[in-house]
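Peer 1:
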Amino acid sequence: MAAQEENRKQSIRKPIIASFLLAFGLLLVGFLLSLWWMHTKQEESGVANFSQQSADLLQTLMRNDYHTMEDLLIGLARDRKFVELFLSANRGELLHETIDLFAQWKRREGISHLYFHDSEGVNFLRVHQPERFGDRIERRTMRQAQATRKSSYGLEMGPLGTLTLRVVIPWEVDNKVIGFLEVGTELSELLTSVKEVMHSDLYLFTFKVFMDQVAWQTWSAKQ
30 MAAQEENRKQ SIRKPIIASF LLAFGLLLVG FLLSLWWMHT KQEESGVANF SQQSADLLQT
90 LMRNDYHTME DLLIGLARDR KFVELFLSAN RGELLHETID LFAQWKRREG ISHLYFHDSE
150 GVNFLRVHQP ERFGDRIERR TMRQAQATRK SSYGLEMGPL GTLTLRVVIP WEVDNKVIGF
210 LEVGTELSEL LTSVKEVMHS DLYLFTFKVF MDQVAWQTWS AKQ
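Letter by letter, the sequence shown follows residues 30 to 252 of this note's numbering.
1) Which same chain residues end up closer than 6 Å to Leu216 when comparing Cβ atoms and leaving out the 5 residues on each side of it in sequence?
2) Could you spell out where the beta strand (DSSP E) holding Asp108 opens and where it closes?
3) Over the uninterrupted alpha helix (DSSP H) stretch that includes Arg136, give me the two end residues.
4) Would you please state the rounded distance, in angstroms, between the beta carbons of Val212 and Leu114? I believe it to be under 8 Å.
5) Going along the chain, which residues of its own chain have a beta-carbon closer than 8 Å to the beta-carbon of Val151, five neighbours each way excluded?
6) I'd like the list of long-range same chain contacts for Leu184, defined as Cβ closer than 6 Å, with 5 residues on each side in sequence excluded.
7) Can you tell me whether Thr127 is buried or exposed, with buried defined as 16 or more other CB within 10 angstroms of its CB?
8) Inspect the beta-carbon positions of Gln197 and Thr177 and report whether they are closer than 8 Å.
9) Skipping 5 residues on each side, what residues in its chain have a beta carbon closer than 7 Å to that of Ala174?
10) In terms of residues, what are the limits of the beta strand (DSSP E) holding Arg161?
11) Does the distance from the C-beta atom of Leu116 to that of Val156 stay below 8 Å?
12) By DSSP, does Glu211 sit in helix, in strand, or in coil?
13) How far does the alpha helix (DSSP H) with Arg195 in it extend, from its first residue to its last?
14) Pull the bridge partners of Lys205 from the DSSP assignment, please.
15) Helix, strand or coil: which one does DSSP assign to Arg169?
Here you go:
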């Protein structure tokens, strides 16, 4: 009788213990999942904050660079020497007079591109690449400057996949547009500044869906 009673008690205890262990296991799993979820949310929040801070800093640097680059172009546009050389269509002499200036801008401000375009948006001189000229510039910044007769700026991608911050201003003499002046600085210059402040590497991505492949290939062939 005693053995039977003990067996009966053990048969009762086993399901109770098993249920307790199962409940404890479920609570433990739930606790661990909660910790993982909170950690994931903290990481996501940290990444989102870092991304927003980096984007805000990049926008600030772009605006600052825009104003600096615009001032450089305004100063050039007001110099009668450059006006006369451009109006006389003396490409060689214009290059001779601007090559040192471009080198100074490149050294001090990180300028990588300097263009002279005629009033129709056809390139007259690339100081950074003087062997290429005569092509019509169809970039958004150019079209906007033509349409508004005001300075225009923005990030635009080149044929080699490099992003460049470009500034275009109408070149006016006696209230008449004689051409357009353009400078650019590669985004790598700005990203270096952001990296120094944020102490981290940065990567930029663009989605293929936002790009027109035919227009991209046609534009790239012209650049």
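Virtual Cβ for every residue (Gly too), placed ideally from N, Cα, C.
As the structure is a computational prediction, the values presented were derived from the model and not from experiment.
Peer 2: If we stick to the structure as given:
1) Answer for Leu216: Leu192, listed in chain order.
2) Segment: none, Asp108 is in no beta strand (DSSP E) and carries neither H nor E.
3) Boundaries of the alpha helix (DSSP H) around Arg136: Arg120 to Glu138.
4) No, Val212 and Leu114 are not in contact; Cβ-Cβ is about 18 Å, not under 8 Å.
5) So the list reads Gly163, Asp164, Arg165 and Ile166, once near-sequence residues are dropped.
6) Excluding sequence neighbours, Leu184 sits near Leu192 and Leu194.
7) Per the 10 Å Cβ criterion, buried.
8) Checking the displayed sequence, the identity of residue 197 turns out to be Val instead of Gln. Not in contact: Val197 and Thr177 (Cβ atoms no closer than 8 Å).
9) Within the same chain, Ala174 has close Cβ partners Ser180, Ser181, Val197, Ile198, Pro199 and Phe209.
10) In the DSSP assignment, Arg161 falls outside any beta strand (DSSP E) and carries neither an H nor an E.
11) No, the Cβ-Cβ distance between Leu116 and Val156 is not below 8 Å.
12) Strand.
13) Careful: Arg195 lies outside any alpha helix (DSSP H), inside the beta strand (DSSP E) at Leu192 to Val202.
14) Its beta-bridge partners are Val202.
15) Looking at Arg169 - three-state DSSP - the assignment turns out to be helix.
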